[in-house]
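Colleague: Counting in my numbering, the sequence shown runs from 19 upward without gaps.
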Amino acid sequence: MFKKRIAFKLTLGFVVIVLISMLTIGLVFINIFRQYAFDSRQKIMLERAHNISEVLSENLQSNGQMRGFGGFMRFLDTMAEAKVWIIDRQGNPVALSGMGMGTGMAHTLSPGPLPEAAENVIQDVLSGKESVSESFSNVYNEATLTIGVPILDSDKNVIGSVLLHAPITGITGALNKTISILSVSLLIALLIAVGLGIFYSIIFTRPLKTMNRTALEMARGNYNARTGINRQDEIGQLGDSLDLLASELSEATEEINKLEQVRRDFVANVSHEFRTPLTVIRGSLEALSDGTIEDTEDIKRFYQRMLSETRGLERLVSDLLELSRLQSGKITIHKEHVHIPSLLSDIIKSMQTIADKKEIQIDFITDDNVPPVLGDYDRLRQLFVIFIDNAIKYSPDKTIVTVTTHVKDSLEILIQDQGYGIAVEELPYVWDRFYKTDKSRKSSGTGLGLAIAKHLIKLNGGSVELKSAAGKGTTIEIQLPVQNVDEQ
Numbered sequence: 019m020f021k022k023r024i025a026f027k028l029t030l031g032f033v034v035i036v037l038i039s040m041l042t043i044g045l046v047f048i049n050i051f052r053q054y055a056f057d058s059r060q061k062i063m064l065e066r067a068h069n070i071s072e073v074l075s076e077n078l079q080s081n082g083q084m085r086g087f088g089g090f091m092r093f094l095d096t097m098a099e100a101k102v103w104i105i106d107r108q109g110n111p112v113a114l115s116g117m118g119m120g121t122g123m124a125h126t127l128s129p130g131p132l133p134e135a136a137e138n139v140i141q142d143v144l145s146g147k148e149s150v151s152e153s154f155s156n157v158y159n160e161a162t163l164t165i166g167v168p169i170l171d172s173d174k175n176v177i178g179s180v181l182l183h184a185p186i187t188g189i190t191g192a193l194n195k196t197i198s199i200l201s202v203s204l205l206i207a208l209l210i211a212v213g214l215g216i217f218y219s220i221i222f223t224r225p226l227k228t229m230n231r232t233a234l235e236m237a238r239g240n241y242n243a244r245t246g247i248n249r250q251d252e253i254g255q256l257g258d259s260l261d262l263l264a265s266e267l268s269e270a271t272e273e274i275n276k277l278e279q280v281r282r283d284f285v286a287n288v289s290h291e292f293r294t295p296l297t298v299i300r301g302s303l304e305a306l307s308d309g310t311i312e313d314t315e316d317i318k319r320f321y322q323r324m325l326s327e328t329r330g331l332e333r334l335v336s337d338l339l340e341l342s343r344l345q346s347g348k349i350t351i352h353k354e355h356v357h358i359p360s361l362l363s364d365i366i367k368s369m370q371t372i373a374d375k376k377e378i379q380i381d382f383i384t385d386d387n388v389p390p391v392l393g394d395y396d397r398l399r400q401l402f403v404i405f406i407d408n409a410i411k412y413s414p415d416k417t418i419v420t421v422t423t424h425v426k427d428s429l430e431i432l433i434q435d436q437g438y439g440i441a442v443e444e445l446p447y448v449w450d451r452f453y454k455t456d457k458s459r460k461s462s463g464t465g466l467g468l469a470i471a472k473h474l475i476k477l478n479g480g481s482v483e484l485k486s487a488a489g490k491g492t493t494i495e496i497q498l499p500v501q502n503v504d505e506q
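1) Any idea if Arg397 is buried or exposed, counting beta-carbon neighbours within 10 angstroms, 16 or more meaning buried?
2) When the Cα of Asp427 is compared with those of Gly489, Pro499 and Lys367, which residue comes out closest?
3) Looking at the secondary structure, which residues open and close the beta strand (DSSP E) in which Asp106 lies?
4) Do Asp142 and Ser153 count as a contact pair if the criterion is CB distance below 9 angstroms?
5) Between Glu266 and Leu256, what straight-line distance do the alpha-carbon atoms span, to the nearest angstrom?
6) So what does Arg423 bridge to, in DSSP terms?
7) Measuring only the C-alpha atoms, how far is Thr493 from Val288?
8) Hey, could you find the ends of the beta strand (DSSP E) Glu513 is sitting in?
9) Is the separation between the beta-carbon of Thr508 and that of Ala270 shorter than 9 angstroms?
10) So what does DSSP say about Ser4, is it helix, strand or coil?
11) Restricting to runs no shorter than 4 residues, where is the alpha helix (DSSP H) found entirely within the stretch 243-312?
12) Output the boundary residues of the alpha helix (DSSP H) element that contains Gly467.
13) Alpha carbons only, please: which of Phe402, Met324 and Ile35 is nearest the one belonging to Ala211?
14) How would you label Lys472, buried or exposed, when you count the other beta carbons within 10 angstroms and need 16 or more for buried?
15) Name the two residues that bound the continuous alpha helix (DSSP H) containing Lys411.
16) If you run the structure through DSSP and keep just helix, strand and coil, what is Gly166?
17) Can you name the residues that DSSP bridges to Gln497?
18) Check each candidate in Thr423, Asp394 and Tyr438 and name the one with the smallest Cα separation from Asp415.
19) Can you check which of these residues, Ile410, Leu401 and Thr422, is closest to Asn478 by C-alpha distance?
20) Figure out for me which residue from Leu334, Lys411 and Ser336 has the closest Cα to the Cα of Thr371.
21) Alpha carbons only, please: which of Val180, Val46 and Ala286 is nearest the one belonging to Glu65?
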């Protein structure tokens, strides 16, 4: 189970990287050290071999004899710090340093066996070239070098060769010591790598575990869960993205809950709006059907009541269908240049008949030269009728409703009444469907008028604001974009 965790994989990867790096560096260092030791020893041995060759060349006679050769050979071990072989021009060993011998190179001696590497060296040297051979000696238990240089006469002819054979003293021990140090260093480095790997794995995996817990909380429906990760790297960005997702889901859930509540309220409101007229109609029909109502005037009154309730239901259904079309965006508008003062004047003349029943006066005040508005004539008419009808409906008898137009950056239409007003705490809800502020008074409205009006304002590119206070009347401020002369 532990092997499947990312902490184990990170630690293992960290250790493997350190191990490979240390081994690579160690092997490169050992090879460099070994090569340096061989190159240094080779350079020294070549230099000494050339010195010996020059001395031998000067003392050799044309017949191959050399004066004082025996005494000279006694000191070659000390001079060369290596075994020295003197080879004649036929490739036969003549003398070995440290051994007694005669005075002529043609004298037959037994100087001892030559190392295996010397055979190839002798062939190269007798052809007039220097030669170097590297091998491992079981006798010395060391790596050895065999160096050969030719002995030349005054005419640059090869008359013999000098071979030096010596171990690279201490290189094996030094390499063994280096390997030991490398092994110990590698072990220490691995321990440090394991410790650091575990430490960084914990730092790396801790926020991942936090994000995992947050994701599980979100899966359980807790969208208030947050990672709390404050980092500037990719892990921090992932944590921020998860927090953003939780926030968006929380908002979406709240919106869904609101929509569900709106749906429940809508069903309840529609049921309530239908229940009252249906109850009245049913009660009237039962009374008529039972024959309990026999008076002609009473029967006529019952029919009138049912007709009134049926018209109310028809108006409610029409408003619901209208609001549904507006909200779905399926309604089509036909924009044209509309002169708002003329439209308002026509509406006011029509609404004054209704206002006269409550002895309410509608005053209309407008600026001169009001520019036209690009909008749907029928929808704008419907919009103003809703607001003016509400102003009349919710105003006491013998009051005044004032309609005013002003041209500023846009066309401003104010509809002010001296009615009952709306409490401040109710203002945010007046645009909701079926919301009625006059709960204490019987109202013939459906509660859909303002909701429809707000959608109509948006369709015509305008805005609306309602200002009111309980007992101080209500003011509707409508803003509509005007058309410049160049645009007409």
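Cβ coordinates follow ideal geometry from the N, Cα and C atoms, glycine included.
These numbers were taken from a predicted model, which means no experiment stands behind them.
Modeller: Working from what's here:
1) Translated into positions along the sequence shown, residue 397 becomes position 379. Looking at its Cβ environment, which holds 16 or more other Cβ atoms inside 10 Å, Arg397 is buried.
2) Counting from one through the sequence shown, the residue named residue 427 turns up at place 409. When only C-alpha atoms are compared, the closest one is Pro499.
3) The sequence position of residue 106 within the sequence shown is 88, counting from 1. It spans Lys101 to Asp106 - the beta strand (DSSP E) in which Asp106 sits, taken as one unbroken run.
4) Here residue 153 refers to the residue found at position 135 when the sequence shown is read from its first residue. Here residue 142 refers to the residue found at position 124 when the sequence shown is read from its first residue. It is not a contact, given that the beta carbons lie outside the stated cut-off.
5) Start at 1 with the first residue of the sequence shown, and residue 266 comes out as number 248. Start at 1 with the first residue of the sequence shown, and residue 256 comes out as number 238. Cα to Cα, Glu266 sits roughly 15 angstroms from Leu256.
6) As a position in the sequence shown, residue 423 is number 405, starting the count at 1. It should be pointed out that residue 423 corresponds to Thr in this sequence rather than to Arg. Beta-bridge pairing links Thr423 to Thr384 and Ile431.
7) Here residue 493 refers to the residue found at position 475 when the sequence shown is read from its first residue. Here residue 288 refers to the residue found at position 270 when the sequence shown is read from its first residue. Cα-Cα distance, rounded: 28 angstroms.
8) Examination of residue 513 is not possible in this model, given that the chain is present from 19 through 506 alone.
9) Coverage of the chain is limited to positions 19 through 506, which leaves residue 508 absent and any answer about it impossible.
10) Because the chain spans 19 through 506 in this model, residue 4 falls outside it and cannot be assessed.
11) 252-308
12) The residue you call residue 467 lines up with position 449 of the sequence shown. Start and end: Gly467 to Leu477.
13) Residue 211 sits at position 193 when you count from the first residue of the sequence shown. Comparing Cα positions, the closest option is Ile35.
14) Looking up residue 472 in the sequence shown gives position 454. Counting Cβ neighbours within 10 Å, Lys472 comes out buried, since at least 16 surround it.
15) As a working mapping, residue 411 is identified with position 393 in the sequence shown. Unbroken alpha helix (DSSP H) run through Lys411: Tyr395 to Lys411.
16) Locating residue 166 in the sequence shown gives position 148, counting from the first residue. Gly166 falls in the strand class under three-state DSSP.
17) Position 479 of the sequence shown, counting from 1, holds the residue named residue 497. DSSP, once it has assigned bridges, lists Glu430 and Ser481 as partnering Gln497.
18) Walking along the sequence shown from the start, residue 415 turns up at place 397. Selected option, being the one with the closest Cα: Tyr438.
19) Within the sequence shown, residue 478 is the residue found at index 460, counting from 1. It is Leu401 whose Cα lies nearest to the Cα of Asn478.
20) As a position in the sequence shown, residue 371 is number 353, starting the count at 1. Checked all of Leu334, Lys411 and Ser336; the closest Cα to Thr371 is Lys411.
21) As a working note, residue 65 is residue 47 in the sequence shown. If we check each option's Cα against that of Glu65, Val180 comes out closest.
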